[in-house]
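For reference, the structure is listed below as structure tokens.
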RNA sequence: GGUGCCAUAGCUCAGUUGGUAGAGCAACGGACUGAAAAUCCGUGUGUCCCUGGUUCGAUUCCAGGUGGCACCA
């Protein structure tokens, strides 16, 4: 019987945490979080990390294990998660990868290309170039250094151009030469589940959850990391809107409205990404039992084919 | 009960000297490989309250109705 990684994902606020715990308990296994923000120990209310009780019921990995001051990213996550999976599969037939970070999930399931780590100084200088000379100067530089990528890249998206230039400048080779689209083979099979529900219901859940976060002390939590607001890890829904309020750029009420709106938009963006994945099996948030049945029937199919 | 004003997108409201309509916000769709809760691109989604009348043609003008608001009783 092959080792199986069960992936559970869906938009923010849909109810992944409780469904994941039900599924993990049923299979007596552990949860590998695929959440690019819950990984930071300074953030808990605004990222809706599982409660202490939830964490005590099922062992979770990658929850509040790193500091916002670290440069964490999808590639590091791929390496860390694969290493952990290899270890945990020694004792488990099934493991559960649960979270909403689209790229992190793809990094584990399909892999991303191997590239050098970005030098923060090069990034900073390219950012400065963007500010002073404009995006056109970055485009021209990219056209010279990587004409192939220049043709396919979204020329209006500064982050994409900057990253390509970073790699070109650091390696002396075109960024596109690293982009081999690996689709790496994994030593386990993968079953993907997406949670979704009626959009109005999702929006209500998201809005209510933001109100709940505020009651739990989100503003104090944001205040606690306010001095580090320039860090990428804090360029996060729920925090940056409050930073704008702390800066006096907006009112508290407007900041709260923006947190809700941006959470809704984030959920939509997640759904756009997940929808295009043909391997995704869609369920409603209350259907943990149906998902469990689905997993068991898939495992049985494997048994019969042996 | 009477008089006046209003009724247009999910919301707040423009507008059409009569040729079926547009802003803001909200919403929706998409891209995505080392920043991904990031970054970027795209889209008006409409019984112009209802029923009649005038008109080649009514969301626009007229009458009645319905609902809301204000004032007078």
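Numbering (the working numbering), first residue to last: 1 to 306. All C-beta atoms, glycine included, are put in the ideal place defined by N, C-alpha and C.
Worksheet item: What residue from 196, 242, 205 and 212 has the CA that sits closest to residue 222's CA?
Response: In the first chain, counting from the first residue as 1, residue 222 sits at position 222. The residue with the shortest Cα to Cα distance from residue 222 is 242.
Worksheet entry | N- and C-terminal bounds of the alpha helix (DSSP H) containing residue 262 | Numbered from 1 along the first chain, position 262 holds the residue referred to as residue 262. First-last of the alpha helix (DSSP H) with residue 262: 252 to 275.
Worksheet item: What is the rounded straight-line gap between the Cα of residue 6 and the Cα of residue 303?
Response: Locating residue 6 in the first chain gives position 6, counting from the first residue. Locating residue 303 in the first chain gives position 303, counting from the first residue. The alpha-carbon atoms of residue 6 and residue 303 are separated by roughly 17 Å.
Worksheet entry | Whole-angstrom distance between residue 35 and residue 184, CA atom to CA atom | Locating residue 184 in the first chain gives position 184, counting from the first residue. Locating residue 35 in the first chain gives position 35, counting from the first residue. Approximately 21 Å, taken between the alpha carbons.
Worksheet entry | Spatial distance of residue 186 from residue 78 (CA atoms) | On the first chain, position 186 is the one that residue 186 refers to. On the first chain, position 78 is the one that residue 78 refers to. Cα-Cα distance, rounded: 12 Å.
Item to complete: Give the DSSP-derived three-state secondary structure of residue 6 in the structure shown.
Response: By one-based count along the first chain, residue 6 stands at place 6. Residue state, collapsed to three classes: strand.
Item to complete: Let me know if residue 100 comes out buried or exposed under the rule of 16 or more other beta-carbons within 10 Å of its beta-carbon.
Response: What you label residue 100 is simply residue 100 of the first chain in a count that begins at 1. With 16 or more other Cβ atoms within 10 Å, it is buried.
Item to complete: Would you identify the three-state DSSP class for residue 36, choosing helix, strand or coil?
Response: Sequence index remark: in the first chain, residue 36 carries index 36 (1-based). Residue 36: coil per DSSP, three-state reduction.
Worksheet item: residue 32 and residue 95: beta carbons closer than 8 Å?
Response: Numbered from 1 along the first chain, position 32 holds the residue referred to as residue 32. Numbered from 1 along the first chain, position 95 holds the residue referred to as residue 95. Against a cut-off of 8 Å, the Cβ pair of residue 95 and residue 32 comes out as a contact.
Worksheet item: Hey, how far is the Cα of residue 213 from the Cα of residue 255?
Response: Counted from its first residue, the first chain places residue 213 at position 213. Counted from its first residue, the first chain places residue 255 at position 255. Roughly 13 Å separates the two Cα atoms.
Fill in: Minimum C-alpha distance to residue 123 - residue among 164, 133 and 2
Counting from 1 along the first chain, the entry for residue 123 is found at position 123. Here the closest residue by C-alpha is 164.
Item to complete: Select from 170, 210 and 162 the residue whose C-alpha is nearest the C-alpha of residue 117.
Response: Taking the first chain and counting its residues from 1, the one referred to as residue 117 is at position 117. When only C-alpha atoms are compared, the closest one is 170.
Fill in: Cβ contact check for the segment 268 to 284 and the segment 58 to 70: 3 or more pairs under 8 Å
no
Worksheet entry | CB contact flag (residue 193, residue 291, <8 Å) | Against the first chain, residue 193 aligns to sequence position 193. Against the first chain, residue 291 aligns to sequence position 291. Yes, the Cβ-Cβ distance between residue 193 and residue 291 is below 8 Å.
Worksheet item: For the beta strand (DSSP E) that contains residue 280, what are its first and last residues?
Response: As a first step, residue 280 must be located in the first chain, where it is residue number 280. First-last of the beta strand (DSSP E) with residue 280: 280 to 283.
Worksheet item: At which residues does the alpha helix (DSSP H) containing residue 21 begin and terminate?
Response: Here residue 21 corresponds to residue number 21 of the first chain, with the count starting at 1. Run containing residue 21: 16 to 26, per the alpha helix (DSSP H) assignment.
Discussion item. To the nearest angstrom, how far is the alpha carbon of residue 28 from that of residue 108?
Written reply: Translated into positions along the first chain, residue 28 becomes position 28. Translated into positions along the first chain, residue 108 becomes position 108. If I take the Cα positions, the gap works out to 22 Å.
Item to complete: Report the rounded CA-to-CA distance for residue 244 versus residue 250, giving the unit in angstroms.
Response: Position 244 of the first chain, counted from the start, is the residue given in the question as residue 244. Position 250 of the first chain, counted from the start, is the residue given in the question as residue 250. Roughly 6 Å separates the two Cα atoms.
Item to complete: Please look up how many angstroms separate the CB atoms of residue 195 and residue 98, rounded, as I've assumed it's under 8 Å.
Response: In the first chain, the residue the question calls residue 195 occupies position 195. In the first chain, the residue the question calls residue 98 occupies position 98. Between residue 98 and residue 195 the Cβ distance is about 10 Å, and since that is not below 8 Å, they are no contact.
Worksheet item: According to the Cβ coordinates, are residue 139 and residue 126 closer than 8 Å?
Response: What you label residue 139 is simply residue 139 of the first chain in a count that begins at 1. What you label residue 126 is simply residue 126 of the first chain in a count that begins at 1. For residue 139 and residue 126, no; Cβs fall outside 8 Å.
Worksheet item: If we ignore side chains and look at the alpha-carbon of each, how far apart do residue 198 and residue 38 end up?
Response: Indexing the first chain from 1 puts residue 198 at position 198. Indexing the first chain from 1 puts residue 38 at position 38. One C-alpha to the other measures close to 25 Å.
Worksheet item: If residue 179 and residue 113 are in contact, beta carbons under 8 Å, what's the gap, nearest whole angstrom?
Response: For this step, residue 179 is matched to residue 179 along the first chain. For this step, residue 113 is matched to residue 113 along the first chain. So it is a contact: roughly 6 Å between Cβ atoms.
Worksheet item: If you drop the 5 nearest sequence neighbours on each side, which residues of the same chain put their C-beta closer than 8 Å to that of residue 161?
Response: Counted from its first residue, the first chain places residue 161 at position 161. Taken in chain order, the residues that qualify are 135, 138, 139, 142, 153 and 155.
Worksheet item: Is residue 31 helix, strand or coil when you go by DSSP?
Response: Mapped onto the first chain, residue 31 falls at position 31. Of the three classes helix, strand and coil, the one that applies to residue 31 here is strand, per DSSP.
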